Amino acid sequence: MTEDATVKLAVLIDADNAQPSRVNYLLAEVAKYGTAFVKRAYGDWTGTSLRGWKEKLLECSIQPVQQFAYTQGKNATDSAMIIDAMDLLYSGRFGGFCLVSSDSDFTRLASRIRESGLVVYGCGERKTPRPFVSACDKFIYVENLVPSAELGASARPGQAMQPQPQPQPRRVVAEDPNLVAPLLREAIDATADVDGWANLAKVGALLNKLKSDFDARNYGFDKLGGLIGSLSMFETETRIPGAGKLPVMYGRVKMPPWRSSNSSSSTSRHTQEPRYGRLSPENSEVHMDM
1 MTEDATVKLA
11 VLIDADNAQP
21 SRVNYLLAEV
31 AKYGTAFVKR
41 AYGDWTGTSL
51 RGWKEKLLEC
61 SIQPVQQFAY
71 TQGKNATDSA
81 MIIDAMDLLY
91 SGRFGGFCLV
101 SSDSDFTRLA
111 SRIRESGLVV
121 YGCGERKTPR
131 PFVSACDKFI
141 YVENLVPSAE
151 LGASARPGQA
161 MQPQPQPQPR
171 RVVAEDPNLV
181 APLLREAIDA
191 TADVDGWANL
201 AKVGALLNKL
211 KSDFDARNYG
221 FDKLGGLIGS
231 LSMFETETRI
241 PGAGKLPVMY
251 GRVKMPPWRS
261 SNSSSSTSRH
271 TQEPRYGRLS
281 PENSEVHMDM
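Below, the structure written as structure tokens:
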């Protein structure tokens, strides 16, 4: 997916389903895709469950939106956030939305925004239901944004996390073709040139369309090139398009040795003349070599 810092984004945060300690990482990630012109957090700020948000709201210039819980067990925050999102959509001032929540109630909202031609970025925890993840153009797992030193810490939404004495390392999925290689191969084959090489920038863009939550960080790699290069069935190379230009990484599926040798043998058989004669192009007669 093309990243354009000029895209105007509206960042709407479901404070009931988000943690203030991760907001800085979230906004840094959002900055890769556009500029957050609107930043709002929704919740019942009169209660104690969101008391950990106050400092982050001030630090990150996030506008709190008050929504009282009218009835116990009913989430009025979701309704307020959806109504605001539609108002912002109809204003025509934005090129995309970032919906921060792990709640599937925003699935239809994401679909509706996309129907209007705007891009939707979702951000939530790995427990986020699949329908909401799939409804977004790209879904970002917040665990990928947080340094490994903080992944072992836990806190309820609205409360700051306390780091553990011994931080848990980020889970890394090592070389496992059965897990991710088929998807990578599909994207590489679809964008490859006649020699099988594919620009990894194009591969990454297609992967986001094929699987909205695809992220090399899900598998322990910061970049797509590192993930592809770690798998034995692929090979990568870096090319410099020209003087003063940035290097570009390419990848392709390795050709099996048996296929390569068979191809060479086939070529030699087709180019070799018959042992006992050759066909004359004039009269199609066989001339015997004595």
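Start counting the sequence shown at 1; every next residue gets the next number (full-length UniProt numbering).
Just so it is clear, CB atoms sit at the ideal spot from N, CA and C, and this is done for glycine as well.
Predicted model, so just to flag it, every value in this text is computed and none were measured.
Worksheet item: The beta strand (DSSP E) spanning ALA36 covers which residue range?
Response: 35-43 is the span of the beta strand (DSSP E), which, as asked, contains ALA36.
Discussion item. Less than 9 angstroms between the C-beta atoms of ALA10 and PHE94, yes or no?
Written reply: Yes, Cβ-Cβ distance for ALA10 and PHE94 is below 9 angstroms.
Discussion item. With a threshold of 8 angstroms on Cβ separation, who are the neighbours of GLU125 within its own chain once the five nearest residues in sequence on each side are excluded?
Written reply: SER102, TYR141, VAL142 and GLU143.
Item to complete: Go ahead and pull the three-state DSSP assignment for GLY235.
Response: The amino acid at residue 235 is misidentified as Gly; the sequence shows Glu. Here GLU235 sits in strand by DSSP.
Practice prompt. Assign PRO165 to one of three DSSP states: helix, strand, or coil.
Written response: Confidence at PRO165 is low in this model, with a pLDDT of 42, below 50, so the placement of that residue is unreliable and no value is reported for it.
Practice prompt. Could you give the DSSP three-state label for LEU179: helix, strand or coil?
Written response: If DSSP states are grouped into helix, strand and coil, LEU179 belongs with the helices.
Worksheet item: Is it a yes or a no for the stretch 217-224 touching the stretch 189-199, going by three-plus beta-carbon pairs under 8 angstroms?
Response: Of all C-beta pairs linking the stretch 217-224 to the stretch 189-199, fewer than three are shorter than 8 angstroms, placing the two stretches out of contact.
Worksheet item: Out of curiosity, what's the CA-to-CA distance linking SER154 and GLY204?
Response: Residue confidence for SER154 is low, a pLDDT of 46 falling below 50, so the modelled location carries little weight and cannot support an answer.
Fill in: N-terminal and C-terminal residue of the beta strand (DSSP E) that ALA216 is part of
Neither: ALA216 is in no beta strand (DSSP E) and is coded neither H nor E.
Worksheet item: Can you tell me where the alpha helix (DSSP H) with ILE83 in it begins and where it stops?
Response: Where ILE83 is concerned, the enclosing alpha helix (DSSP H) starts and stops at 76-91.
Discussion item. Would the stretch 39-53 count as touching the stretch 10-27 if we require 3 or more Cβ pairs under 8 angstroms?
Written reply: Counting C-beta pairs closer than 8 angstroms gives three or more between the stretch 39-53 and the stretch 10-27, which meets the contact rule.
Worksheet item: Less than 9 angstroms separating the beta-carbons of GLY122 and ALA135?
Response: Yes, Cβ-Cβ distance for GLY122 and ALA135 is below 9 angstroms.
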